[in-house]
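Undergrad: The structure follows.
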Amino acid sequence: MALIPVYHYLDIGRLGRGEVVNLFLKDAGIKYEKSLYPWDATWPQQSNKRGVTRTGKLPALEYKGKILTQHIPILRYLARELGSYDGETNWDKYVVDAVSDIYVDWRAKWVANLSEKKPEYKDQIAPEYYNLVAQYYSATPGPYLLGDKVTYVDFAVYQSIDNDRRTGTLPSTLPESLLKFKSEFETRPNIAEYIKQNE
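Using the working numbering, the first residue of the sequence shown is number 137, and each one after it goes up by one.
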């Protein structure tokens with residue numbers, strides 16, 4: 137196993153769940169190498185032959201002798217490892233975990249909509265998701281879920297907004313708390329630099 141973390145994902149640019157991990161690593165200043173795989177007709181047959189993960193699915197992160205899989209558990213692991221990017225109290229941790237579960241539910245519906253586009257995703261599912269998440273974000277002065285301290289789930293929520301924007305499925309208006317969050321998140325130094333280089 138590599139001493140420098142190795143991030144394995146599909147070569148699909150800024151789209152998808154792997155980008156959540158990528159943004160987190162950038163923000164945390166963790167130096168890592170990328171191992172990107174082509175997303176083409178050969179991937180379904182090749183995924184189980186890669187030998188990186190038990191499931192053959194990505195993203196995966198080789199980190200300190202371990203292979204971490206599933207993007208939200210990767211973020212939780214790194215947050216605990218770094219002693220930040222998480223709530224300080226048990227209640228705060230609960231809120232972060234609750235919003236991450238809401239995000240995971242949204243993501244399953246977003247992925248399903250990629251292959252079979254249906255108007256109810258943009259007209260009903262996405263607005264319901266953003267309105268629900270906004271209730272949590274508006275419970276503090278913001279800009280982040282827990283106020284002025286960024287957490288691992290903020291990366292996932294940001295990516296959901298960005299993914300819907302890129303696929304043309306973002307609702308025409310977002311709740312004010314999420315607009316504020318998105319604007320502030322994009323000014324984080326490492327994130328701002330990454331966006332500038334990869335937009």
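Note that beta-carbon positions come from the ideal geometry of N, C-alpha and C, so glycine has one too. Note that the coordinates shown come from a computational prediction; the quantities given were computed from them, not determined experimentally.
Where does LEU250 sit, in a helix, a strand or coil, going by DSSP?
TA: helix
Undergrad: Could you check the C-alpha separation between ALA292 and ILE140 for me, to the nearest Å?
TA: If I take the Cα positions, the gap works out to 24 Å.
Undergrad: Mind the definition here: the stretch 251 to 269 touches the stretch 200 to 218 only if three or more C-beta pairs lie below 8 Å; say whether that holds.
TA: no
Undergrad: Helix, strand or coil: which one does DSSP assign to ALA328?
TA: helix
Undergrad: Considering only the beta carbon of each residue, do PHE317 and PRO277 sit closer than 7 Å?
TA: In this structure, PHE317 lies away from PRO277, with their beta-carbon atoms at least 7 Å apart.
Undergrad: Would you call ALA138 buried or exposed, if buried means 16 or more other Cβ atoms sit within 10 Å of its Cβ?
TA: In this prediction, ALA138 has a pLDDT of 48, which is less than 50 and means its spatial position is unreliable; what the coordinates show is noted afterwards. Exposed, by the Cβ-count rule.
Undergrad: Leaving out the 5 sequence neighbours to the left and right, which residues in its chain are closer than 7 Å to PHE160 when beta-carbon positions are compared?
TA: LEU211, LEU214, TYR288, PHE291
Undergrad: When DSSP labels each residue in this structure, what does ILE166 get in the three-state scheme?
TA: coil
Undergrad: Cα separation between THR191 and THR205?
TA: 9 Å
Undergrad: Report yes if the CB atom of LEU146 is closer than 7 Å to the CB atom of LEU197, and no otherwise.
TA: Their beta carbons are not under 7 Å apart, which means LEU146 does not touch LEU197 by this criterion.
Undergrad: Could you say which of LEU281, ASN299, TYR230 lies nearest to LYS258 if we only look at CA atoms?
TA: ASN299
Undergrad: Taking the C-alpha atoms as reference points, what is the distance between ASP219 and TRP246?
TA: Here residue 219 is Gly; the residue named in the question, Asp, does not match the sequence. Each residue's alpha carbon lies about 31 Å from the other.
Undergrad: For ALA292, name the three-state secondary structure that DSSP assigns.
TA: helix
Undergrad: So GLU224 is in the beta strand (DSSP E); what residue range does that whole segment cover?
TA: Premise fails: GLU224 is in no beta strand (DSSP E) and is neither H nor E.
Undergrad: From what residue to what residue does the alpha helix (DSSP H) around LYS316 run?
TA: That run of the alpha helix (DSSP H) goes 312 to 321.
Undergrad: Could you give the DSSP three-state label for ALA196: helix, strand or coil?
TA: Strand, per DSSP.
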